[in-house]
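Worksheet: one structure, shown below.
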Amino acid sequence: MAVQQRKTTTVHEIKTEKKVVAQVGKTWGRDRDVSFGTILVSLGILVFSPLWVLYTYISCNGYNCAMSAPALEVYNAPDHLVALKTLLIREMPRYSPYATRLFFSWLLFQAVLYAFLPAAIGYGQRTPAGHLLPYKVNGLLAWIISHALYAAGGLYFGWWKLSIIHDNWGGLLFAANLYGYFLTFFCFFKAYVFPSHPADRKFSGSFIYDLLMGIEFNPRFGKYFDFKLFHNGRPGIVAWTMINLSFAAAQYQKIGYVTNSMILLNVLHATYVLDFFYNEDWYLRTIDIAHDHFGFYLAWGDSVWLPWLYTLQSHYLLRNTVDLTPIQFAFIAAVGFTGYFIFRSVNHQKDIVRSTNGECKVWGKPAKVIRTSFVTSDGKTHKSLLLCSGYWGLSRHFNYVGDLLISLAMCMTCGVQHLLPYFYIIYMTILLLHRIQRDHTRCRGKYGKYWEEYERIVPYKLIPYIY
Ligand code: NDP
Numbered sequence: 004m005a006v007q008q009r010k011t012t013t014v015h016e017i018k019t020e021k022k023v024v025a026q027v028g029k030t031w032g033r034d035r036d037v038s039f040g041t042i043l044v045s046l047g048i049l050v051f052s053p054l055w056v057l058y059t060y061i062s063c064n065g066y067n068c069a070m071s072a073p074a075l076e077v078y079n080a081p082d083h084l085v086a087l088k089t090l091l092i093r094e095m096p097r098y099s100p101y102a103t104r105l106f107f108s109w110l111l112f113q114a115v116l117y118a119f120l121p122a123a124i125g126y127g128q129r130t131p132a133g134h135l136l137p138y139k140v141n142g143l144l145a146w147i148i149s150h151a152l153y154a155a156g157g158l159y160f161g162w163w164k165l166s167i168i169h170d171n172w173g174g175l176l177f178a179a180n181l182y183g184y185f186l187t188f189f190c191f192f193k194a195y196v197f198p199s200h201p202a203d204r205k206f207s208g209s210f211i212y213d214l215l216m217g218i219e220f221n222p223r224f225g226k227y228f229d230f231k232l233f234h235n236g237r238p239g240i241v242a243w244t245m246i247n248l249s250f251a252a253a254q255y256q257k258i259g260y261v262t263n264s265m266i267l268l269n270v271l272h273a274t275y276v277l278d279f280f281y282n283e284d285w286y287l288r289t290i291d292i293a294h295d296h297f298g299f300y301l302a303w304g305d306s307v308w309l310p311w312l313y314t315l316q317s318h319y320l321l322r323n324t325v326d327l328t329p330i331q332f333a334f335i336a337a338v339g340f341t342g343y344f345i346f347r348s349v350n351h352q353k354d355i356v357r358s359t360n361g362e363c364k365v366w367g368k369p370a371k372v373i374r375t376s377f378v379t380s381d382g383k384t385h386k387s388l389l390l391c392s393g394y395w396g397l398s399r400h401f402n403y404v405g406d407l408l409i410s411l412a413m414c415m416t417c418g419v420q421h422l423l424p425y426f427y428i429i430y431m432t433i434l435l436l437h438r439i440q441r442d443h444t445r446c447r448g449k450y451g452k453y454w455e456e457y458e459r460i461v462p463y464k465l466i467p468y469i470y
């Protein structure tokens, strides 16, 4: 009976949704024309992202993070195929029962913390179907408990070595992939069979695009177990600092001290991660949570891409000892913390202006805002505002400038000998430039003439007078 009722509601919701979406405009929320080119690019991302993670793993594990070395080995061999096969047999990460248990225990532990630790309740942005969802915000506590346990278990109780993550890196990569793929397909089928919010699903008409970008907007178990917030934050971002610490511990075992470059890298990453958790409520209103659907991009991305590639610099520093001079150290720290200051201030301005409904000062003057309205697919009209003074009057995405500076500083801790540790800044630049385009399309669809007015007042996308 309950199931029947649910089905009836779903069909009704979808019919209503289709009708209203047609009135509201196609670009905001769910409807999207997916071109053949987009499908091809999506296929490329699905195929090449796992290969790239594998390639970086092999480069670091077998070739001290020299990016071209594995490719050159195959290229220079008389028989390329035989050389490739030999290399893969030798270097491929392997299934390890211990590392698999470790990974899934970690996942379960994070899920228990997420579900049961005391939490403030935060709210996301209104979804295209009109939902305003509650989220459990307890990431900072989860981060503190996880790190305290990791340190106590390693330094005091002797349950594990602090280098445990580094020591099981290949097996963990294997296990994380198992989970990342399982989660992707699970969410794909969940979207069809038991979606959490049927009217917020996005069907593009392309299997490949849907698999990559996701169908469900906010898949959940129960009222609070939100897949997006959990997977991005907990196995992904809590792990980030712990992986770095583990590689620092491995460096200590290897050379008898921890280099100042490794320490600076750990501090920069920890600043970014702790900021994320300290401001977790703010994160609920960023693009990841407020606009992205949950597919391979986030499911596999949070399980594999983020923990493996965002920590690439510590893998590099373990294999390549970099002792920074005091001037280099100070310069990199200055770039990183200037970036952080910009990043936090810009994001804070938006949050404050929205939470006070524009009744606040920005840079000492009353905030200039455009008061907007938009319509959700349930036909209701809502109000919002766009800030167009302060940082948000300089360019439409000045927060990305801050992020790019921090990212650059993180890479610079590795010196200039190799390209691989600079992957992060290259990736972030591509990601954020693409995001600007995506956000532009979405906001245009959502706000229409109000967005055009904002573009007129603030013409630059990223860097004033340049782009
Ligand atoms: P923003 O926080 O800038 O959010 C963009 C959204 O804000 C828009 O979709 C719109 O949503 C709203 N908005 C746009 N213009 C205005 C305005 N003038 N006034 C008020 N609201 C506005 O983008 P992101 O979510 O991409 O980034 C958040 C932070 O996270 C950034 O600092 C970014 O650098 C960082 N980041 C880090 C990544 C990493 O992997 N390390 C990846 C991506 C981002 P609406 O109106 O619907 O609310």
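The numbers in the sequence shown follow the numbering used here, run straight up by one, and end at 470. Positions of the beta carbon are idealized from the N, C-alpha and C atoms, including for glycine.
- In the structure shown, Leu-389 adopts extended strand secondary structure according to DSSP, grouped into three states.
- For Gly-382, there is no enclosing alpha helix (DSSP H), as DSSP gives it neither H nor E.
- Apart from sequence neighbours up to five positions away, the residues of its chain that approach Ile-48 with a beta-carbon distance below 7 Å are Leu-215, ordered along the chain.
- In the structure shown, the three-state DSSP call for Thr-324 is coil.
- Here DSSP, grouped into helix, strand and coil, assigns Phe-224 to strand.
- Look at Phe-280 here: in three-state DSSP terms it is helix.
- A Cβ-Cβ contact shorter than 9 Å links Leu-232 with Tyr-138.
- Within 10 angstroms of the beta-carbon of Lys-386 lie fewer than 16 other beta-carbons, which makes it exposed.
- Just so you know, the alpha carbons of Asp-406 and Gly-304 end up roughly 19 Å apart.
- At least one heavy atom of the ligand NDP falls within 8 Å of the beta-carbon of Tyr-450.
- Within the DSSP bridge table, the entry for Tyr-138 names Gly-125 as partners.
- When Cβ pairs closer than 8 Å are counted between the two stretches, the segment 334-353 is seen to touch the segment 406-418, the count reaching three or more.
- When only Cα atoms are considered, Asp-291 and Leu-136 end up about 15 Å apart.
- In the three-state reduction of the DSSP assignment, Phe-401 falls in the helix class.
- Bounds of any alpha helix (DSSP H) do not take in Val-241, whose DSSP letter is neither H nor E.
- Between Trp-243 and Asn-350, the alpha-carbon positions lie close to 22 Å from each other.
- Membership of Asn-360 in any alpha helix (DSSP H) is not indicated, and neither H nor E is assigned to it by DSSP.
- By the Cβ criterion, the segment 384-403 is in contact with the segment 435-446, since at least three pairs of Cβ atoms, one from each stretch, lie closer than 8 Å.
- Judged by their CB atoms, Arg-399 and Glu-458 are nearer to each other than the 9 Å cut-off.
- Shortest Cα-Cα distance from Tyr-126 to any of Leu-434, Thr-359, Glu-283 involves Glu-283.
- In this structure, the alpha-carbon of Val-85 lies about 14 Å from that of Glu-94.
- Excluding its 5 nearest sequence neighbours in each direction, Ile-466 has C-beta neighbours in its own chain below 7 Å: Ser-398, Val-404, listed in chain order.
- When distances are taken from the beta-carbon of Arg-445 to the heavy atoms of the ligand NDP, the shortest one is below 8 Å.
- In terms of Cβ geometry, Phe-280 and Ala-118 do not form a close pair [threshold 9 Å].
- Taking C-alpha positions only, Leu-158 is separated from Lys-164 by approximately 8 Å.
- Of the other Cβ atoms in all chains shown, fewer than 16 fall within 10 Å of the Cβ of Lys-383; this residue is therefore exposed.
- Put simply, the backbone Cα of Gln-331 is about 46 Å away from that of Thr-130.
- By the CB criterion at 9 Å, Asn-221 and Phe-297 fall inside the cutoff.
- Using a cutoff of 8 Å, the CB of Gly-173 does not count as near the ligand NDP, since none of the ligand's heavy atoms is closer than that.
- If you look at His-294, you'll find it isn't in any alpha helix (DSSP H); DSSP assigns it neither H nor E.
- Going by beta carbons, Pro-238 and Gly-173 fall outside the 9 Å limit.
- In this structure, DSSP gives Val-372 an extended state, which the three-state scheme calls strand.
- Less than 9 Å separates the beta-carbon of Gly-217 from that of Leu-301.
- Just so you know, the alpha carbons of Tyr-260 and Asn-247 end up roughly 15 Å apart.
- Within its own chain, the residues whose Cβ lies closer than 7 Å to the Cβ of His-318, once the five positions on either side in sequence are excluded, are Cys-63, Cys-68, Phe-250, listed in chain order.
- No residue range can be given for Leu-422, since it is assigned to no alpha helix (DSSP H) and is classified by DSSP as neither H nor E.
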